[in-house]
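This note's numbering puts the first residue of the sequence shown at 614, with every later residue one more than the last.
Using N, Cα and C, we set each Cβ at its ideal position, and we do this for glycine too.
Keep in mind that this is a model prediction, so the values were computed, not measured.
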Amino acid sequence: MTTDHLPAPRAILFDLDGTLADTAPDLAAAINLMRTRAGLAPTPYEVLRPTASAGARGMIGASYGIAPGESGYEPLKNGFLDNYEAALAVESRLFDGIPELLDGLTALGLQWGVVTNKAARFTDPLIKQIGLASAGCVISGDTMAHPKPHPAPLLEAARRLNLAPEQCWYVGDDLRDIQAGRAAGMRTIACAWGYCGPVEPLSWNADYLLETPAALLELVSEVVLAERERQLAA
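Below, the structure written as structure tokens:
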């Protein structure tokens, strides 16, 4: 990958579920608790995991075959969210390599933040419990009037970091992440280490598709150091 004259970021913004953190185990547990209480068999974890980035919509769709707006969806959603809020950081963990990535960004002098569609009632306690409390900003799905793929949450994150949108890169594992990043005028990174895998994002038109947090740190380091060398040579 070439980084010649690629504008260096001043901040890296991240989606949460499937990008920074593996939250699928607790999301799956919340939906399956509903099923077992109703006398239903649990939905296999391998069925639920790929939909984790879609939150309640994904879990309910995979487990019950019901979509938002359909009869019975809202009671299922409310029950699922109540279960999840009561146990949202039992097994959730940062993905391997994420702590090193965040430390590396800080060492480069970059800011980093979280922009998620997860509601603040879940985001705020979760990030404190899984090691993300030092984020420069946290934008939840209900912080702005419109969640991703609308660019408003990303534009608000840039504003809170006192940066122009084009000085930020956005990293996510869902099509909505890439759409939001592009609409906000940010460089976009599709991460294949989360729930989407390496094949699905090929059609998303992200600027980069990376398979590990280490690969992201390598890319950012190359771009930042190349810009600093150009500045010294000027």
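Cβ-based burial, residue i [other Cβ within 10 Å; buried from 16]
i: K741; result: exposed
i: C622; result: Sequence check: residue 622 is Pro here, not Cys. Flag for P622 reads buried.
i: D737; result: exposed
i: N818; result: exposed
i: S705; result: buried
i: S816; result: exposed
i: D790; result: buried
i: V660; result: exposed
i: Q844; result: exposed
Cβ distance (whole Å) where residue i is taken to contact residue j below 8 Å
i: S666; j: G710; result: Not really, about 18 Å apart at Cβ, beyond 8 Å.
i: L701; j: D639; result: 6 Å
i: T664; j: G674; result: 7 Å
Min CB distance residue i to chain D below 8 Å
i: G671; result: Among the chains of the structure shown, chain D does not appear; only one protein chain is present.
Beta bridge counterpart(s) of residue i as assigned by DSSP
i: I802; result: V784, Y821
i: Q724; result: A624
i: L707; result: A634
i: I752; result: V728
Three-state class that DSSP yields for residue i in the structure shown
i: F735; result: helix
i: A634; result: strand
i: L626; result: strand
i: L653; result: coil
i: L640; result: helix
i: L832; result: helix
i: I743; result: coil
Closest Cα partner of residue i within the set the options
i: D783; options: L767, L776, A777; result: Sequence check: residue 783 is Tyr here, not Asp. Comparing Cα-Cα distances from Y783 to each of L767, L776, A777, the minimum goes to L767.
i: A777; options: A797, P655, A637, A675; result: A797
i: P731; options: A827, L723, E698; result: Pro is not the amino acid found at residue 731; the sequence shown has Lys there. Comparing Cα positions, the closest option is E698.
i: V728; options: E835, P762, G717, L714; result: P762
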